[in-house]
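Residues in the sequence shown are numbered consecutively from 1395, following my numbering. Everything on this sheet refers to the single structure shown next.
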Amino acid sequence: MASSAFAIRMDIDTIVCANSMNNMLQLADKLDCRFSFYINMGKAISIPAAISRRLALSNDFNKSISSPAKKLSIKQKLGIRGILKTVLLNNNLFPICKKELLIAKSYGHEIGLHGGMNHGIWQSYAKHMTDIEITSLLVPAIDEFTYHFGRSFGFTSPGFSINPHSYALLAKNGCRYVSDHVDITGKIKRTTIGELPDIPITLAAKGNIDFLESYIASNTIESLESIAKKSIGHFGYGAFYSHPCFVNNVGNKLFTNFVIELKKIATNKLMIDLL
Ligand SMILES: [Zn+2]
């Protein structure tokens, strides 16, 4: 029996992610794994936020700030239909996969919260939001989430975009931990506000890009066996993150093979069980 552990974090960011949940549960059964899903309760995007993010990114390039690792295009990940649905419908994500998330919970998967009532707004603006602004984005999401899944949950910030005030609100409302940074050693930090444990992701490409997505985009040749071994941190566990839109589509085979390699050296756990 392997003494090391690994957890798989899946952030539900888009309509395509939400629509993939049934297949994700089947994949988990096929791999005999339990995943930790984090749901954004509101809309995937905000058009003004998307434009401002584009501008900020191109500004970063102009300033020659180190660029993130290669990743797949939105078209490769969501497909044309997925992009159209995301932009034109832009429904709240939770109602789309509420049934599957409740089933997932009853099957032993972990369900956590991923930001507030708009993934795009959080990703673009949360860092600089005031206490009042973050409260209006986050509290309705906490209320609806805890109504369905109870207190004692984990939280992940969209785009690793951190707002310290959010940690106070989360700590007050039954959040047990966050997962808001990357550290290959796997050392769990504490947030300065709220004193919540912050479980790191141990494997991500530069710029906190989903490692397996970058693996495909940059034609990496390193074996999955070697990557799986390296990804277990000094504290005996690995925590990985990805998205259902990728794992249920272009990343399916790679993700499956990666988990098979991980299972040879480590035991599958939920993120909350790494505490
Ligand atoms: Zn996200």
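Backbone N, C-alpha and C define an ideal beta-carbon position, used for all residues, glycine too.
Judged by beta-carbon spacing, V1572 lies beyond the 7 Å limit of L1597, meaning their Cβ atoms are not closer than that value.
A Cβ-Cβ separation of about 4 Å places A1611 in contact with K1464 under the 8 Å criterion. Annotation for C1569: no alpha helix (DSSP H) segment contains it, though the beta strand (DSSP E) segment containing it runs 1569 to 1572. Between M1418 and F1488, the C-beta spacing is not below 7 Å. Around the beta carbon of Q1517, a 10 Å sphere encloses 16 or more other beta carbons of the protein chains shown; the residue is thus reported as buried. If you check the C-beta of P1552 against ligand 1, you find a heavy atom less than 6 Å away.
When the Cα atoms are used, I1439 and M1404 turn out to be separated by approximately 18 Å. CA-CA distance, G1627 to V1653, rounds to 16 Å. Contact between the region 1540 to 1554 and the region 1564 to 1580 is present: three or more C-beta pairs spanning the two stretches fall below 8 Å. Relative to S1560, the option among S1608, N1413, A1422, I1536 whose CA is nearest is I1536. For the region 1553 to 1634, the full-length beta strand (DSSP E) segments reaching 3 residues or more read 1569 to 1572 along the chain. Annotation for D1574 indicates a beta carbon at 6 Å or more from all heavy atoms of ligand 1.
Relative to ligand 1, D1405 has its C-beta within less than 6 Å of a heavy atom.
The residues I1505, F1543, in chain order, have a CB closer than 8 Å to that of K1499 in the same chain once the five nearest residues on each side in sequence are set aside.
Note on R1428: 16 or more other CB atoms within 10 angstroms of its CB, so buried under the neighbour-count rule. Here H1637 is near C1411, since their CB atoms are less than 7 Å apart.
For A1399, the three-state secondary structure derived from DSSP is strand. Residue environment analysis places H1508 among the buried positions, since at least 16 neighbouring C-beta atoms fall within 10 angstroms of its C-beta. Non-local C-beta neighbours of F1605 in its own chain, meaning closer than 6 Å and more than five positions away in sequence, comprise L1597, A1598, A1599, ordered along the chain. Counting along the chain, T1650 sits inside the alpha helix (DSSP H) bounded by residues 1646 to 1659. Distance from the CA atom of A1443 to the CA atom of N1512, rounded to whole angstroms, is 10 Å. Going by DSSP, G1506 is part of the beta strand (DSSP E) stretching over 1504 to 1508. Nearest to F1554 by alpha-carbon distance, out of L1466, I1603, S1397, N1567, is I1603. DSSP, reduced to helix, strand and coil, places S1518 within a helical segment of the structure shown. Less than 7 Å separates the beta-carbon of S1398 from that of G1630. At the C-beta level, I1409 and K1492 stay beyond 7 Å of one another. In this structure I1468 does not touch F1431 by the C-beta definition: roughly 21 Å separates them, more than the 8 Å allowed. A Cβ-Cβ separation of about 12 Å leaves L1563 out of contact with T1540 under the 8 Å criterion.
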